[in-house]
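> Residue 29 in this note's numbering sits at position 28 of the sequence shown; the count goes up by one each step and never skips.
Quick one: the structure is below, and I'll ask about it shortly.
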Amino acid sequence: MSETLIITDEEAAERVQMGEREAFGILVERYLNKLIRYGKRFVADRDDIEDLVQDVFISAYQNIQSFDAKRKFSPWIYRIAHNAFVNALAASERRPALISFDTLVSHPAYEDTTDSLRDQQEMKTMIDKGLSLLIPKYREVLVLNYFEQLSYKDIADVLKVPIGTVGIRLSRAKEELKKHINLQ
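Right under this line is the structure:
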């Protein structure tokens, strides 16, 4: 367990590439909850999310040789997860149910600024609905930036778009979200 804190994600991936299978457990431990949380933005059913995340780890393990250890590991694994979740969403031919805001507010960046529980619940509902109404390309950048705390560069790597596109989408996403939750 202490080794988990000592080596970087990139070093763990490099060890897996050299045949040290146990090092993959470090990556699973670090990314399991993050990928489940990310999956909730696309897929409503918890069991489906867990199955997809398991598939993501299998795919990552099978393709670990394609990872460039000179680059960051997180955009690489998020890209695999992103593809899996988007494919699952497309296969279902429906938009997900309202995103669970309880998941969103558990993020450390969230601060309780409401005066009452009722106000907080109303705000959760408005933001939840607003996020569910955003088109996927806008919802993706908001989730990756605010809830997964990825940098613009890492988001660009995950989505395979230029960094400038990330900034534009994030700006437009915030404007659309404001419209949807009626905070202008």
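No residue lacks a Cβ here, since even glycine has one placed at the ideal position from N, Cα and C.
Here the structure is a predicted model, which is why all the values come from computation and not from measurement.
(1) Taking Cβ to Cβ, would you say residue 66 is nearer than 8 Å to residue 18?
(2) Quick one: Cα of residue 153 to Cα of residue 146, how far?
(3) Taking just the CA atoms, how far does residue 157 sit from residue 164?
(4) Could you check if residue 22 is buried or exposed, using at least 16 other CB atoms within 10 Å of its CB as the buried criterion?
(5) Please identify the residue among 53, 159, 172, 20 whose C-alpha is closest to the C-alpha of residue 38.
(6) What does a CB cutoff of less than 6 Å around residue 83 pick up in its chain, not counting 5 residues either side in sequence?
(7) Taking only three categories from DSSP, how would you classify residue 163?
(8) Identify whether residue 134 lies in helix, strand or coil by the three-state DSSP scheme.
(9) Count the other C-beta atoms from every protein chain shown that fall within 10 angstroms of the C-beta of residue 87, then say buried if there are 16 or more, exposed otherwise.
(10) Quick check on this structure: which residue in 150, 141, 162, 126 has the alpha carbon closest to the alpha carbon of residue 181?
(11) Counting along the chain, where does the alpha helix (DSSP H) carrying residue 37 start and finish?
(12) Buried or exposed for residue 20, please, with buried defined as at least 16 other CB atoms from any protein chain shown within 10 angstroms of its CB.
(13) Around the C-beta of residue 169, are 16 or more other C-beta atoms found within 10 angstroms, so that it is buried, or is it exposed?
(14) Looking at chain B, is there any beta carbon in it that lies within less than 8 Å of the beta carbon of residue 140?
(15) So the candidates are 58, 132, 151; which of them puts its Cα closest to the Cα of residue 43?
(16) How many angstroms separate the CA atom of residue 171 from the CA atom of residue 149?
(17) Express the C-alpha separation of residue 68 and residue 35 in angstroms, rounding to a whole number.
The short version:
(1) By 1-based counting over the sequence shown, the position of residue 66 is 65. By 1-based counting over the sequence shown, the position of residue 18 is 17. It is a contact, given that the beta carbons lie within the stated cut-off.
(2) The sequence position of residue 153 within the sequence shown is 152, counting from 1. The sequence position of residue 146 within the sequence shown is 145, counting from 1. Approximately 7 Å between the Cα atoms of the pair.
(3) In the sequence shown, counting from the first residue as 1, residue 164 sits at position 163. In the sequence shown, counting from the first residue as 1, residue 157 sits at position 156. Cα to Cα, residue 164 sits roughly 5 Å from residue 157.
(4) Within the sequence shown, residue 22 is the residue found at index 21, counting from 1. Under this definition residue 22 is an exposed residue.
(5) Counting from one through the sequence shown, the residue named residue 38 turns up at place 37. For residue 38, the nearest C-alpha among the options comes from 53.
(6) On the sequence shown, residue 83 is found 82 positions in, with the first residue counted as 1. Scanning its chain for C-beta atoms nearer than 6 Å, with the 5 sequence neighbours on each side dropped, one finds around residue 83 the residues 159, in chain order.
(7) Locating residue 163 in the sequence shown gives position 162, where the first residue counts as 1. In the structure shown, residue 163 adopts coil according to DSSP, grouped into three states.
(8) Residue numbering aside, residue 134 sits at position 133 when the sequence shown is read from its first letter. If DSSP states are grouped into helix, strand and coil, residue 134 belongs with the helices.
(9) Numbered from 1 along the sequence shown, position 86 holds the residue referred to as residue 87. Around the beta carbon of residue 87, fewer than 16 other beta carbons sit within 10 angstroms, so the residue counts as exposed.
(10) Within the sequence shown, residue 181 is the residue found at index 180, counting from 1. Check the Cα spacing between residue 181 and each of 150, 141, 162, 126: the tightest is with 126.
(11) As a position in the sequence shown, residue 37 is number 36, starting the count at 1. Annotation for residue 37: the continuous alpha helix (DSSP H) segment containing it runs 23-40.
(12) For the purposes of this step, residue 20 is taken as residue 19 along the sequence shown, with counting starting at 1. Looking at its Cβ environment, which holds fewer than 16 other Cβ atoms inside 10 Å, residue 20 is exposed.
(13) In the sequence shown, the residue the question calls residue 169 occupies position 168. A residue is called buried when at least 16 other Cβ atoms come within 10 angstroms of its Cβ; residue 169 does not meet this threshold and is exposed.
(14) As a matter of chain content, chain B is missing from the structure shown, which is built from one protein chain.
(15) If you number the sequence shown from 1, residue 43 lands on position 42. 132 is the residue among 58, 132, 151 whose C-alpha sits nearest the C-alpha of residue 43.
(16) As a position in the sequence shown, residue 171 is number 170, starting the count at 1. As a position in the sequence shown, residue 149 is number 148, starting the count at 1. Pairing residue 171 with residue 149, the inter-Cα distance amounts to about 14 Å.
(17) The count along the sequence shown starts at 1 and reaches residue 35 at position 34. The count along the sequence shown starts at 1 and reaches residue 68 at position 67. Distance between the alpha carbons of residue 35 and residue 68: 19 Å.
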